[in-house]
Structures are given as structure tokens and as C-alpha cells.
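Student:
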Amino acid sequence: MPTQTMINQGKNSYLARLLFLTLLFFIDFGAIAQVSPEARTTLIAEIDFVPEILEMIRKSLSRRIARPVSLAFQPDGRSEYSSRRPDFLLIEDGVATASLPLEFSPTPWHIDLVWVLVYRNGNGNFSTVPPTLEEFGKFLLQLKAENPNVYPWFESLYSKETLLNFNKLFAEPRARSEYEKLPFWQQPGMVKMLYRAMEQGLLNPLSVEADQALATKVFLAGDTQCFTLWVPLEFLDNAWLVEEAFGRAKITAFPGDGEKRFPRKILRLWKHDEIMVNWNSATLVSSSPVLIDADYVVDRKWVKFEAEKAYDRLIMGDF
Amino acid sequence: MNVSLRFKVISLLFILISSLALVMNEKSTALIYEKTQETFQQRLEQLSESVKSYWESEKNTLLSNAMLYAESEKIINYSTYSLFNLLQQELERLISKTGFHDMQLVLKNGRLISSDAGQSREVSPLDLKDTRLHLAQVELQYTSDGLYLCAEVPVQKMGEFIGRLSLRRKLDDTRLKKMARNLQADVSLGIREQIVASSLQDRARKDMIREHFRKSESNEAVMRLVLNSEVFSVGRLSFEKTVNGDPMAVYVAVSQKKMLSLVEQARSQNLAVTGWALLITLLFTVVFSERVLITRIRTIRDGANLIAEGDLDQRFNIVSGDELGDLARSFNRMATNLKSNRDRLQHYIERIEKLANYIQNILGSLKTCVITWNMEGYIDTVNAAAVMELGEYYGDLEGLSLRRFLKKLKPDSRQEMTRALREITYSESDRQFDIEIDLGEHAGIKVLQGGFSVLRDQNGKPYGFVLTLSNITQRKIIEQQLYHADKLSSIGQLSASVAHEIKNPLASIKTLGQLLQEETEEDDDRREYIDVIVSEVNRLNGVVEQLLKYAKPEGSTFKEQDFADVIKPVLALVNHEAERNRVKLEAEFDPELKVYVDAEKIKQVFLNLIFNGMQAINHGGVITIRAIKEPESPWTAFEVKDSGQGMPEEVCKKVFEPFFTTKQRGTGLGLAIVKKIIDLHGGKIEVKSEAGKGTVFSFYLPSKQKG
Chain A
4 MPTQTMINQG KNSYLARLLF LTLLFFIDFG AIAQVSPEAR TTLIAEIDFV
54 PEILEMIRKS LSRRIARPVS LAFQPDGRSE YSSRRPDFLL IEDGVATASL
104 PLEFSPTPWH IDLVWVLVYR NGNGNFSTVP PTLEEFGKFL LQLKAENPNV
154 YPWFESLYSK ETLLNFNKLF AEPRARSEYE KLPFWQQPGM VKMLYRAMEQ
204 GLLNPLSVEA DQALATKVFL AGDTQCFTLW VPLEFLDNAW LVEEAFGRAK
254 ITAFPGDGEK RFPRKILRLW KHDEIMVNWN SATLVSSSPV LIDADYVVDR
304 KWVKFEAEKA YDRLIMGDF
Chain B
151 MNVSLRFKVI SLLFILISSL ALVMNEKSTA LIYEKTQETF QQRLEQLSES
201 VKSYWESEKN TLLSNAMLYA ESEKIINYST YSLFNLLQQE LERLISKTGF
251 HDMQLVLKNG RLISSDAGQS REVSPLDLKD TRLHLAQVEL QYTSDGLYLC
301 AEVPVQKMGE FIGRLSLRRK LDDTRLKKMA RNLQADVSLG IREQIVASSL
351 QDRARKDMIR EHFRKSESNE AVMRLVLNSE VFSVGRLSFE KTVNGDPMAV
401 YVAVSQKKML SLVEQARSQN LAVTGWALLI TLLFTVVFSE RVLITRIRTI
451 RDGANLIAEG DLDQRFNIVS GDELGDLARS FNRMATNLKS NRDRLQHYIE
501 RIEKLANYIQ NILGSLKTCV ITWNMEGYID TVNAAAVMEL GEYYGDLEGL
551 SLRRFLKKLK PDSRQEMTRA LREITYSESD RQFDIEIDLG EHAGIKVLQG
601 GFSVLRDQNG KPYGFVLTLS NITQRKIIEQ QLYHADKLSS IGQLSASVAH
651 EIKNPLASIK TLGQLLQEET EEDDDRREYI DVIVSEVNRL NGVVEQLLKY
701 AKPEGSTFKE QDFADVIKPV LALVNHEAER NRVKLEAEFD PELKVYVDAE
751 KIKQVFLNLI FNGMQAINHG GVITIRAIKE PESPWTAFEV KDSGQGMPEE
801 VCKKVFEPFF TTKQRGTGLG LAIVKKIIDL HGGKIEVKSE AGKGTVFSFY
851 LPSKQKG
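As you go down the protein sequences, you meet chains A and B in turn. If you're matching positions, the first sequence starts at 4 in our numbering and goes up one per residue. If you're matching positions, the second sequence starts at 151 in our numbering and goes up one per residue.
1) Would you say B/Val-694 and B/Thr-817 are within 7 Å of each other, going by their C-beta atoms?
2) Measure from the alpha carbon of B/Met-308 to the alpha carbon of each residue in B/Thr-230, B/Ile-359 and B/Ile-828, then state which is nearest.
3) Are the CB atoms of A/Val-98 and A/Leu-232 nearer to each other than 7 Å?
4) Given that a residue counts as buried once 16 or more other Cβ atoms are within 10 Å of its Cβ, and exposed if not, what is B/Ser-169?
5) Does the pairing of the stretch 273-293 of chain B with the stretch 385-397 of chain B give three or more beta-carbon distances under 8 Å?
6) Kindly say whether B/Leu-236, judged by its beta-carbon, lies nearer than 7 Å to any beta-carbon of chain A.
7) Are there three or more Cβ pairs, one per stretch, closer than 8 Å when the stretch 663-673 of chain B is compared with the stretch 704-723 of chain B?
8) Using a Cβ-Cβ distance under 7 Å, would A/Val-221 count as near chain B?
9) In three-state terms, what does DSSP make of A/Gln-37?
10) Consult DSSP for A/His-275 and reduce its assignment to one of helix, strand or coil.
11) Under 7 Å between the Cβ atoms of B/Gly-796 and B/Ala-728?
12) Mind pulling the beta strand (DSSP E) runs of 3 or more residues that sit fully within the stretch 187-258 of chain B?
13) Hey, B/Leu-428 and B/Ile-167 are a contact pair by Cβ (cut 8 Å); roughly how many whole angstroms apart?
14) Based on the DSSP output, what are the partners of B/Lys-279 in its beta bridges?
15) According to DSSP, simplified to helix, strand and coil, what is B/Ser-161?
16) Taking the beta carbon of B/Pro-275 as the centre, do at least 16 other beta carbons fall within 10 Å, making it buried, or is it exposed?
17) Is it the case that the stretch 766-785 of chain B contacts the stretch 817-828 of chain B, given that we only count it when at least three CB pairs across the two stretches are under 8 Å?
18) Is the separation between the beta-carbon of B/Leu-617 and that of B/Ile-585 shorter than 7 Å?
19) Rounding to the nearest angstrom, what Cα-Cα distance links B/Val-537 and B/Leu-547 in this structure?
20) Which of the three DSSP states is assigned to B/Asn-524 in this structure?
21) Taking DSSP's pairing of strands, which residues face A/Thr-44 in a bridge?
22) Taking the straight line between their C-alpha atoms, what separation do you get for B/Lys-365 and B/Lys-209?
23) Going by beta carbon distance, what residues of the same chain come within less than 6 Å of B/Asp-530, once the five residues before and after it are set aside?
24) Which residues of the stretch 222-246 of chain B have a Cβ closer than 9 Å to any Cβ of chain A? Give them in chain order.
25) Should the stretch 421-441 of chain B be called in touch with the stretch 348-357 of chain B, which here means at least 3 C-beta pairs below 8 Å?
26) Let me confirm a value: B/Ser-264 is counted as buried when at least 16 other C-beta atoms fall within 10 Å, else exposed. Which label applies?
27) Alpha carbon to alpha carbon, what distance is there between B/Cys-300 and B/Gly-313?
28) Measuring straight from C-alpha to C-alpha, what distance separates B/Asp-675 and B/Ile-683?
29) Classify B/Ala-737 as helix, strand or coil using the three-state DSSP reduction.
30) Could you name the residues of the stretch 419-441 of chain B whose beta carbon sits closer than 7 Å to any beta carbon of chain A, in the order they occur along the chain?
31) Is B/Glu-686 helix, strand or coil when you go by DSSP?
32) A/Trp-282 and A/Trp-112: beta carbons closer than 7 Å?
33) Nearest chain B C-beta to A/Pro-208 closer than 7 Å, yes or no?
34) Can you give me the Cβ contacts of B/Leu-556 inside the same chain, cut-off strictly under 7 Å, excluding the 5 residues immediately before and after it?
35) Taking 7 Å as the limit between beta carbons, can you name the residues of its chain near B/Gly-453, skipping five residues before and five after?
36) Taking C-alpha atoms, which residue in A/Asp-90, A/Ala-218, A/Leu-239 and A/Ser-63 lies nearest to A/Val-53?
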């Protein structure tokens, strides 16, 4: 479970970026005819954001408001902020805002996060993007064949959000049988799929103990070729952003039916009444993905009551 | 050159203390050095133990860390789940900043993951049957790139062997420098003939390499090596071997320079402390000497100077009981004694001065010459009378030798004086003698009568002579005069007797002569003879008359009368004779002048003197008669002055003697009679004459005769 400490540790690696953003204070952006100070922003959400995701969000927000942004993350969903009064609040859609200070007002602006599969091609390639689950499976097999000692796929299955996302995509069990003979992509339900993937040596068993941070770390270290992650919506059409974040990698919707189905979370922007902002309203995504919006209440309920069961089933293999 | 006492004291103290300090410093330095060497030896031994302990500690630390890492969840998980990159990163992260060289994990499948990404590779799969895989060990590895201490431990998960983790620490110079810092000694490691690591640098390191090579076969445990021109004491240990069996030599080198520098430092510090101590001592000495010694000595000195200058009332108030106090008290006693002695001396001096004064007064008042002679024959003292009598003759009498004194005397006097001195010396008989001192033609002869006596000290030992001389010149003159007077008196008496006896025969001769003249014709040849007889008889009668006048004690009739009444008849009487001789007579006197004389006799005096004057004048001249009476004087002065040919001095001396004449014809009694008359009046006559200029007869008569 990502902790503030882990996030703060991740922040250390972003000092250069923050510094760069700080330097932006002294650059005339033109759109705003004066040097804009850094916009202090607090992110209030229940997602276990890893530093990499936070950095993506920060950059995304910075691009959106054309100002340098410093981002503080409040993971417990509380709407209070204990640090210095921020200029902006990024609040996960669904988080209660009744207790927010009166000087903050909602804006029409928001940053969307989508849950994607981040992957490296290696010597293989998907014929379609996103690939089907089968294609994904074969892709993984190919990678495994190339490097038998390496698990090509890594997940943060310890993260309830990840389980939630998998659950959303693969909640409906498909009627399958002969578990042991079928590959994971033919397994019914999320749990068996994942379990079988582990048995096949395609999904790193450590995924069961891994949180988003570790999964990201494993991918960035090159010890896996695929993992899932929340990214800002704009990443879908911006390979540069993907490369900036993940190096030579791509993102796609998690393989399923071949459709671009992306679970989405909305982070709504609230601003302090004294703050003026020009929102960059350029079109974020030209493609028209299928976005599976999170139902905050439902999701919270699943996370609270069902996630552990799903995890236990994952451990046991859902047998 | 005078050097102050304080300077001497301070210099002496400084020299003593500094010498002592230097000696002590050298001794202490030598002792320190000796002890240092012993300590050094002990230290080497301790260092050897320390090295071993340090080595063990290194190994234990390495092993502990390896085991710790091997138990790392991440390492285990990453290893288990093939997250090799993360594993490598984790290995790298773990050893970063730890000082370990590298960490490797060899998985059982033969995959080697190293903290050094470049070292990760595939190796032979591990033989799982090898029980050593489960052992933890530390070994020394000597490879081409250095010497490593390597700890190997098994990595297990839930008892299942995953792989072996090896953690290495390179034993390089840096590590040894750290060891050297801890040990306070240089450490070098040698394998075979190589020094693989050393805390020594540059030249010292090279020297160490050379020495290691030279002594690689030697078993010396302690050596004395020169490294980079410094002397090191080196201990050699060999307690470890590499995995290949090569023994590792551990050299522990302690620079004696440091020790020596410490010794030198100690010495310098000693010197500095000594210097400061000296300085402080000097300051204290200066202050102390000034306050306690010099000031007091100066006080005593000043006081002594005052005492020396005569202030015997000076006393010191130093009451301390030390030597200076004793000195001050001694000075006080001395001053008291001096004062007492001075007072006594002063008293004695005053008495002596009084006595001397008294004696001097006595001697000075004495008319007798007192001359003292020392035994060397020189005059010591003379009194005023001696100076007066003999000073003009001898000059400065004091210090005059007897020889020179005698030399100036007449032979007779010299003989007399010598004889007297001889007699007093040998027989101590006091012989009186007279000496005559010729003062010259104008001063005459001085006659002194004297005698010698012996000066003796308290013990009777003679230490000189005293010569006393009395001027008896007047007495001699008086005696002569008396003799002359007596002689004259005798002559006068004799002359009177003769004259008286001659007078009658002359009367007879004259009568008969006159008879013959009457009986003889004038043309008779015998008449001339008879005339001569008669003339000569008359002359003889005149002489007899003169002689009788001279000898005859005639009675005198004195009465006060006008001098004019006395002199005018005389002038009338001689006027004719004066005109005939072309002599002018001048009389100068107060017409009111009264004289108390026997007129007839005084007239005789003037007659004789005027006639003598006229006889002295050859061809015209002046005879002046004066009479002067000073108001308060009891004398009336008379003077008869002629402008004649004058008389020599020797004639003047005898001119009043009877029968003394310079003329062919004359009795020689005229001036004798004049003197006699003057004597009868109680007066005095004297003559002054100068050849060619005339003669002055001056006589003084009392204004009133005594009864």
C-alpha cells in the first residue's frame, strides 16, 4: 500500500523537474502576461498514486493551466489539507467536498486518469492495439520464450485499485473449464486469469505482493515488459509523454475484447477564489476511447468489502 | 666599565637557570626518547594485536553485512521472482555509500547478478548438492585488480536455497588509510612479492614495495626501515592467506619521525615552558631584586655616601632580619661609632689645634728662630722668627737640607755649627755657637747665636733636631759700641792724661820758642825753623785742647732758647770763611723754633759740621742748615747738608771715631766731639753721604731734656 513515505521518497527523484518548474516561474508564458508563481495544488484521492503517476498528473495540470505546479498528495481522501493553503485542489470525483473550505470553488476543469497497460514490444508486437487478451497472452509467451528467466508481465495485485480495475474488466466470469489445460486468457474471471497467468510463468508471482510502486519500479527496471497503471488521459495520444514517463514503451487499454476500454477516474479542479487561471482547453484525446467511469460509491464499496476477498481468492487461485 | 649589581645578579641567575633548564631539558628529552623507543616497541606489539583484532572485526563486519543483505526481503524477492534488474539496482543501492566494493548474488540457476551492472552475467549453475553452498565464510581473494575480503552467505527463502550472496570489500589504499587512521600507524598488505595496498604514499610506498620484495623471504617480525628518508619501525604479521593459499603479509609501520617530532615537540614545549619560566623568573627577579635587593642596597649605598660625605647622623631604617638588615645595622653602628670617634677626634683636633695654635703662637711670637730638622737632614718646620731672620737669605726654608744650609754660611760659622751638631749627636752636650750671615753690602752682617737639641719620641728615640737661633746682631753692635765707647772712653781718658801731660811741655816749648823768636832776626836762617816750631807747638796745643775737650767731662747748661739765637752767631762766624771758599750758606728754620740745648756746645757742633762741609766743597757749593720740629714729636731734627764731594760708606762708618780723619792735617776729633756733644744732649747723629753728591749730617735732640 503506497504510503506518504514512499511517495515522498519518490519525490526526491523529481527535484529536477520541480526545479525546472520552479524556473518556469521566471519564464514569460505569453498567455499570461506576467511570471506566474508556482501553483500549489493538493491532490485528494483514494488511489494509491505512485510518484510516477503524481508526476504525470502534475505535469498534466501544469500544461492545462499553463503554470508551474507543485503537487501535494493527500491519499486518505480527506478534504482537509494540513499544509500551506493550496491554490488548487484536485479532487477525485466522488470524494466528499462538503467540508472543503469556502474559499475554494469548483472549476469546470478536470484531469482524467485512465488505467492502461504499459508495455514494451521487445521483438514482438501486437497486431492490434489494444490486443485481445489472447494476443496479449501470446505476446507474453513470446517474451517468455525469449527470456525464460524473466516474467514478462508484472502487476500490482496487492493494490486494491488494481484488483478493482481487473474486476471491472473481467468481472464477468466466462464459462470455461479444464483450468489446467487452458491459458490464462481463457480462464474465467479475473482471479483465475491472473492466477493462471502466474502459473504459466507469465505474470510474476511477486505481483501478488506488489503495489503500484513496485510494479512501476519493476517495469522501469526492465524486469518486466508489461504492467498496468493509471495515466492521464492525454497520454493516450501523446507518445512523447509516454516515452518521457516510461522510456521506450507504449500504452494501450488492457487487453480484453480488443476495444479501447479504459477505466477512468476524474480529478476535478477546485481553485481558490483569489486565483486566476487560464485553462488550456486544447483537445486532449483525438481518439475516442471507451471510458469506463468509476462509480465512486460503488468502487469504494467494492474496495472496502470485496477487495480483500478477491485478494484472498487470488492467493488461493479461486479454487 | 661599571656593571650594575642587579645586572650581574640577573645575568648570573639567568645563566644558571637557563643552563640548568637546558641540561634538564636535554636530559628529559633523552629520557623521553628512550622511553619513547620502549613505548614504541610496546606499541608495535600492541599494534600487531590491534591489526589482528581489526582484521577480525573487518571480517565480522563484512560477514554480518552479507548476512544482513542476504536476509533482505527485496533481495530474496527479487532473486526469487527473477527481477534481476531490480535486484541489481538493489544490490547497487545496498552497497552504495557503504564502502563495500561490490555485492553479487549467484542464483542457483547460474545467473550472477552484481551490484556492478557490467559484471552481471551467466555463470555455471550452482551444484545444489554442495553443502558448502549453505555455509557462510569469509575469504581473502587476490585477483588481478586487487585484494578483496569476501564474505559469502547463502540466500534462502523459507529454507529454500536461492543462491549465494557475496559481499566484497576491496582492501585498497583507501581502506588501509582508514585502517591506518584507526591504528595510528601505516599499514601495508603484501601478497607474494607485491604490496597490494598500502596507506603509504609516493616514495614511501615505493620504498615499502622494495623492502617487501627484499624481505619477502625473511621472517623478521620487527624491522627498522627507511621509507622516504624517514625511519620507520615496522612490524610484520602474517595471519591470513588468500583462497589460493598465498600468505598475506601485514606491515604495520610507525614513523619514528612522528615520535621524534613528538619528542622534539615535547622538547620545544619544554624549552618554551622553560623560556617562559625564565622570562617570568627574570621578571620576578627584576622586580624582586629591585624591591628587595637593589632598592635596599641603593638605600644603603646612598646612606653610605652620605656618611662618607660626613653626615654621620644618617641612619638606616631597614628592620629586616636578613643580611641586608645586618648590613644596615652594621652601617648604623659604624655611623654611630664614626660619629662618636669623629666627635672625639674633633675634640682632640680642636685641642691639638689649640695646642698647635698655642705652640704656633708661642713659636710665632718667639723672637728666637726655631727650626726642626728630621733625621734625613731636612728642615721640617720653621717658625716665623726663622722665616724672618733667614728667609730672605735662604729662600724657602722648609725642606732645605742641612748641607745647603751650612753651605751658605761663612766657613767659621759653618765650622761652629757643625761642631755643635756633632757634639749634640755624639755626646749630647749642648754647645752654643754664633753664626754670621752676610746679608750683602748694603744689609751688613747678621749675627745669630744658637744651639741644637735632640727631638725624641715617646720611646726616647731621636727623630730629629731642633735648631734655635737668636739674632744677637744688635747686641754685638752694642757690644762693639760699648767696646768702642769703652775704648773711646779709655782713649779719651788716655788722651786726656796724655794731653794733660803734653800740655805743660808744650807750654814750655812754646815759651822757649817765642823767646827764640824774639832773639832771632828775621833774616836769620834759623828763624824759619823757629817759626815752624812755634807754629807746630800751637797746633799741638790746639790738638791738646781738642783732646781735652773731647775727654774732659764738661758740665752742660741746658736751657730753652730760640734756635735763631744759637745759629745766627755761628753763621756770622763762618760767613767770612764761606765767602772766601765761595760757599753759600742757607739756613732753614722756623724763627719761632725753641730748642733745649747747651748753646755753646751746639754752636760748636754746627761750627764743626759747617767747617767739614766747606772742606768737602772744592770749588763753590752750598751748605744748608735746617732745623725742624714736628708738632707731636719729642725730637727736634737738625741737618747740615753740603754739596761737597761726599764720603764713601766705609768712611761714614768711622767718621765719628776719634782720631779718624781723611785729611792730611787734622786731629780727627772734630766729629768725635760733635758726637760726644750730641750724646751729652741725649740725642743721636747720623751721616749719609754719597760720593760726588755731598753729605748730610742729621742729628736729633730731644725737645726737652729729662731731668
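Note that CB positions come from ideal geometry on N, CA and C, so glycine has one too.
Tutor: If we stick to the structure as given:
1) For this step, residue 694 of chain B is matched to residue 544 along the second sequence. For this step, residue 817 of chain B is matched to residue 667 along the second sequence. Contact flag unset, no.
2) Numbered from its first residue, the second sequence carries residue 308 of chain B at position 158. Of the listed residues, the one whose Cα sits closest to B/Met-308 is B/Thr-230.
3) In the first sequence, counting from the first residue as 1, residue 98 of chain A sits at position 95. In the first sequence, counting from the first residue as 1, residue 232 of chain A sits at position 229. No, Cβ-Cβ distance for A/Val-98 and A/Leu-232 is not below 7 Å.
4) Locating residue 169 of chain B in the second sequence gives position 19, counting from the first residue. With fewer than 16 other Cβ atoms within 10 Å, it is exposed.
5) yes
6) For the purposes of this step, residue 236 of chain B is identified with residue 86 of the second sequence, where counting begins at 1. Yes - at least one Cβ of chain A is within 7 Å of the one on B/Leu-236.
7) no
8) Taking the first residue of the first sequence as position 1, residue 221 of chain A is located at position 218. For A/Val-221, the answer is yes, since a Cβ of chain B falls inside 7 Å of its Cβ.
9) Your numbering for residue 37 of chain A matches position 34 in the first sequence. Legend: pLDDT at A/Gln-37 = 36, less than 50; position of this residue unreliable, value from coordinates given subsequently. Here A/Gln-37 sits in coil by DSSP.
10) Counted from its first residue, the first sequence places residue 275 of chain A at position 272. In this structure, A/His-275 counts as strand in the three-state DSSP scheme.
11) For the purposes of this step, residue 796 of chain B is taken as residue 646 along the second sequence, with counting starting at 1. For the purposes of this step, residue 728 of chain B is taken as residue 578 along the second sequence, with counting starting at 1. No; because the gap between Cβ atoms is not below 7 Å, this pair is not in contact.
12) 252-257
13) Within the second sequence, residue 428 of chain B is the residue found at index 278, counting from 1. Within the second sequence, residue 167 of chain B is the residue found at index 17, counting from 1. Between B/Ile-167 and B/Leu-428 the Cβ distance is about 6 Å, and since that is below 8 Å, they are a contact.
14) What you label residue 279 of chain B is simply residue 129 of the second sequence in a count that begins at 1. Beta-bridge pairing links B/Lys-279 to no other residue.
15) Here residue 161 of chain B is taken as the residue at index 11 of the second sequence, counted from 1. DSSP places B/Ser-161 in helix when its eight states are reduced to three.
16) In the second sequence, counting from the first residue as 1, residue 275 of chain B sits at position 125. Exposed.
17) no
18) Residue mapping note: residue 617 of chain B aligns to position 467 of the second sequence, counting from 1. Residue mapping note: residue 585 of chain B aligns to position 435 of the second sequence, counting from 1. The answer is no: Cβ separation not under 7 Å.
19) Position 387 of the second sequence, counting from 1, holds the residue named residue 537 of chain B. Position 397 of the second sequence, counting from 1, holds the residue named residue 547 of chain B. Going from the Cα of B/Val-537 to the Cα of B/Leu-547 covers about 7 Å.
20) Residue mapping note: residue 524 of chain B aligns to position 374 of the second sequence, counting from 1. Strand.
21) Mapped onto the first sequence, residue 44 of chain A falls at position 41. In DSSP, A/Thr-44 forms a bridge with A/Leu-74 and A/Phe-91.
22) As a first step, residue 365 of chain B is located in the second sequence; it is residue number 215 there, counting from the start. As a first step, residue 209 of chain B is located in the second sequence; it is residue number 59 there, counting from the start. Whole-angstrom Cα-Cα distance: 27 Å.
23) Here the question's residue 530 of chain B lines up with position 380 in the second sequence. Once the five neighbours on either side are set aside, the close Cβ partners of B/Asp-530 are Thr-522 and Asn-524.
24) Asn-227, Tyr-228, Thr-230, Tyr-231, Ser-232, Leu-233, Phe-234, Asn-235, Leu-236, Leu-237, Gln-238 and Gln-239
25) no
26) Position 114 of the second sequence, counted from the start, is the residue given in the question as residue 264 of chain B. Buried is the call here.
27) Locating residue 313 of chain B in the second sequence gives position 163, where the first residue counts as 1. Locating residue 300 of chain B in the second sequence gives position 150, where the first residue counts as 1. Computed Cα separation, rounded: 16 Å.
28) For the purposes of this step, residue 675 of chain B is taken as the residue at position 525 of the second sequence. For the purposes of this step, residue 683 of chain B is taken as the residue at position 533 of the second sequence. Each residue's Cα considered, the two are about 13 Å apart.
29) Reading the second sequence from its first residue, position 587 is the one you call residue 737 of chain B. The answer is strand: DSSP assigns B/Ala-737 an E or B state.
30) none
31) Position 536 of the second sequence, counted from the first residue, corresponds to residue 686 of chain B. Looking at B/Glu-686 - three-state DSSP - the assignment turns out to be helix.
32) Numbered from its first residue, the first sequence carries residue 282 of chain A at position 279. Numbered from its first residue, the first sequence carries residue 112 of chain A at position 109. Yes, the Cβ-Cβ distance between A/Trp-282 and A/Trp-112 is below 7 Å.
33) Within the first sequence, numbered from 1, the residue matching residue 208 of chain A stands at position 205. By this cut-off, A/Pro-208 is an interface position.
34) By one-based count along the second sequence, residue 556 of chain B stands at place 406. Closer than 7 Å at the Cβ level, and outside the excluded window around B/Leu-556, lie Arg-564, Met-567 and Thr-568.
35) Sequence index remark: in the second sequence, residue 453 of chain B carries index 303 (1-based). Contacts found: Gln-464, Phe-466 and Phe-481.
36) As a position in the first sequence, residue 53 of chain A is number 50, starting the count at 1. For the residues A/Asp-90, A/Ala-218, A/Leu-239 and A/Ser-63, the minimum Cα distance to A/Val-53 belongs to A/Ala-218.
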